[in-house]
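Note sheet for the following structure.
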Ligand code: SAH
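Residue numbers (the working numbering): 238 to 643.
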């Protein structure tokens, strides 16, 4: 442990508000705070005390966010300045030899709370490291973190992605650009025999949906001979997997022209030669139209963007979600396999299962839930931080047998 640090600003909880911290939940919400240092201490380490003066832990202070402190350490001992470097090292080392994370040069190296580093997300794409600094605390330490990442990964390029939403919430500048080296315009990754170009500067998220890696493996393993529909395809992550797995044909749907252009290139890059059709436009509408036109698919992936960004939008999102799945089911051939995902953590597993059930009922199809799907091991969530569980999915099978009338 480092030398104890000198004077550190303190955050004192209101009476009776310490239970979540005692359970090692890393977020201290503004409603539980009685005394705090204010804007001048943005990003600083703070010591968190109960109303009776007991030291409960240490974290980074965000005076403008409703999550006032993200705790990095619990208990009375000051973890010292070396904590960040130790956590980064542990996060990277854990993944290096992890049996579930082999065969790819693209993975999440640091997953915020689950690696004890709230506010920091770091992805590796080939020889480029892409980081997002999402809190005042991590923003203030960006240069130091970049230096450590360069040394720990020994990769030639580091790039910082902006994140406007968190910048607004935290009142920190929204910055992007080179962290070290000379990052190329885009890079190519190799994931278990699949190759994808990744636009880590402009692409969605940090450029690629790394969190669907295990689901891509699954799709590749079940695609043989199937007519595949990839709705909300982005750059064709699933379509490529299905193509490599021997799909009979592919239909891709997305609203983004750029994403679809990337998808076509990725299919070519992987020498996927089966017939393909690319449909640009609103996929909710396109799914409805395909079902009404009597199209049939044997493998369907439904991977929409987060439909519920807040608790208030849950009901509307659940309706949209059900609609999407209903039309997916309407165009499912008997025996079809469907992967459907929900990446809004506000729609919890229970509600998700109800939505699947009611879509099946409305579609008049018998449906079995074969597997529950989630994020891969580099995107694990800490059991102390259930909010980190955002990706819920399932593999469904539509019963063989007569189809309902259209
Ligand atoms: N399945 C993809 C990730 C999907 S992310 C993968 O594994 O890589 C969600 C995608 O939905 C994005 O590509 C976005 O462009 C697209 N999208 C968002 N709203 C849409 C809409 N209404 N219709 C069609 N596509 C939409």
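Just so you know, even glycine gets a beta-carbon here, dropped at the ideal spot from N, CA and C. The structure displayed is predicted, hence computed values, not measured ones.
DSSP three-state assignment for residue i, whether helix, strand or coil
| i | result |
| --- | --- |
| residue 460 | coil |
| residue 359 | strand |
| residue 294 | strand |
| residue 315 | coil |
| residue 245 | coil |
| residue 238 | Low confidence applies to residue 238: its pLDDT is 47, below 50, so where it sits in the model is not reliable enough to give any reading. |
| residue 372 | coil |
| residue 258 | helix |
| residue 571 | strand |
| residue 594 | helix |
| residue 269 | helix |
| residue 521 | helix |
| residue 365 | strand |
| residue 477 | helix |
| residue 279 | coil |
| residue 322 | helix |
| residue 582 | coil |
| residue 446 | coil |
| residue 252 | coil |
| residue 658 | Any property of residue 658 remains undetermined from this structure, which presents the chain solely from 238 to 643. |
| residue 616 | helix |
| residue 499 | helix |
| residue 562 | helix |
| residue 610 | strand |
| residue 429 | coil |
| residue 309 | strand |
| residue 353 | coil |
| residue 625 | helix |
| residue 419 | coil |
| residue 387 | helix |
| residue 274 | coil |
Cβ pair residue i, residue j closer than 8 angstroms
| i | j | result |
| --- | --- | --- |
| residue 353 | residue 297 | no |
| residue 250 | residue 303 | no |
| residue 597 | residue 566 | yes |
| residue 449 | residue 474 | yes |
| residue 361 | residue 390 | yes |
| residue 622 | residue 350 | yes |
| residue 605 | residue 634 | yes |
| residue 425 | residue 396 | no |
| residue 569 | residue 521 | no |
| residue 537 | residue 628 | no |
| residue 532 | residue 517 | no |
| residue 489 | residue 498 | no |
| residue 335 | residue 365 | no |
| residue 593 | residue 562 | yes |
| residue 571 | residue 637 | yes |
| residue 255 | residue 293 | yes |
| residue 398 | residue 341 | no |
| residue 248 | residue 306 | yes |
| residue 534 | residue 464 | yes |
| residue 300 | residue 330 | no |
| residue 445 | residue 612 | no |
| residue 614 | residue 588 | no |
| residue 280 | residue 376 | yes |
| residue 654 | residue 513 | One cannot answer for residue 654 here, as it falls past the ends of the chain, which runs 238 to 643. |
| residue 213 | residue 436 | With the chain represented from 238 up to 643, any question about residue 213 goes unanswered, as that position is not in the structure. |
| residue 386 | residue 358 | no |
Residues that DSSP places opposite residue i in a beta bridge
| i | result |
| --- | --- |
| residue 635 | 604 |
| residue 412 | Note: residue 412 sits in no beta bridge, so no partner. |
| residue 676 | Only positions 238 to 643 of the chain appear in the structure, and residue 676 is not among them; the question remains open. |
| residue 465 | 487 and 536 |
| residue 424 | 435 |
| residue 516 | 490 |
| residue 577 | 539 and 631 |
| residue 304 | 266 |
| residue 553 | According to DSSP, residue 553 bridges with nothing at all. |
| residue 344 | 361 |
| residue 286 | 249 and 292 |
| residue 397 | 368 and 414 |
Any non-hydrogen atom of the ligand COA closer than 7 angstroms to residue i Cβ
| i | result |
| --- | --- |
| residue 448 | In terms of ligand content, the structure shown lacks the ligand COA and carries the ligand SAH instead. |
| field | Neighbouring residues (CB closer than 5 angstroms to any heavy atom of the ligand SAH) | value | Contact residues of the ligand SAH (beta-carbon closer than 5 angstroms to any heavy atom; chain order) are 446, 449, 469, 471, 474, 491, 492, 493, 496, 519, 520, 540 and 542.
| request: Would you be able to state if there are at least three C-beta pairs under 8 angstroms between the stretch 399-413 and the stretch 307-326? | output: With contact defined as three or more Cβ pairs closer than 8 angstroms, the stretch 307-326 and the stretch 399-413 are not in contact.
| Looking at C-beta atoms only, is the number of pairs between the stretch 572-592 and the stretch 529-543 that lie closer than 8 angstroms three or more? | Result yes; three or more Cβ-Cβ pairs closer than 8 angstroms.
| message | Count Cβ pairs between the stretch 446-463 and the stretch 426-438 that sit closer than 8 angstroms; are there 3 or more? | response | Result yes; three or more Cβ-Cβ pairs closer than 8 angstroms.
| message | Pairs of beta-carbons, one from the stretch 325-338 and one from the stretch 277-291, closer than 8 angstroms: are there three or more? | response | Between the stretch 325-338 and the stretch 277-291 there are fewer than three inter-stretch CB-CB distances shorter than 8 angstroms, so the stretches are not counted as touching.
| At least three beta-carbon pairs within less than 8 angstroms, the stretch 499-512 to the stretch 431-444 | Contact holds: three or more Cβ-Cβ distances are below 8 angstroms.
| task | Examine the Cβ distances between the stretch 366-375 and the stretch 459-469 and report whether three or more of them are shorter than 8 angstroms. | result | Contact check between the stretch 366-375 and the stretch 459-469: fewer than three CB pairs, one atom from each, fall below 8 angstroms, which does not count as touching.
| said: So, does the stretch 625-634 touch the stretch 522-535, judging by three or more C-beta pairs under 8 angstroms? | reply: They do not touch, by the three-pair rule.
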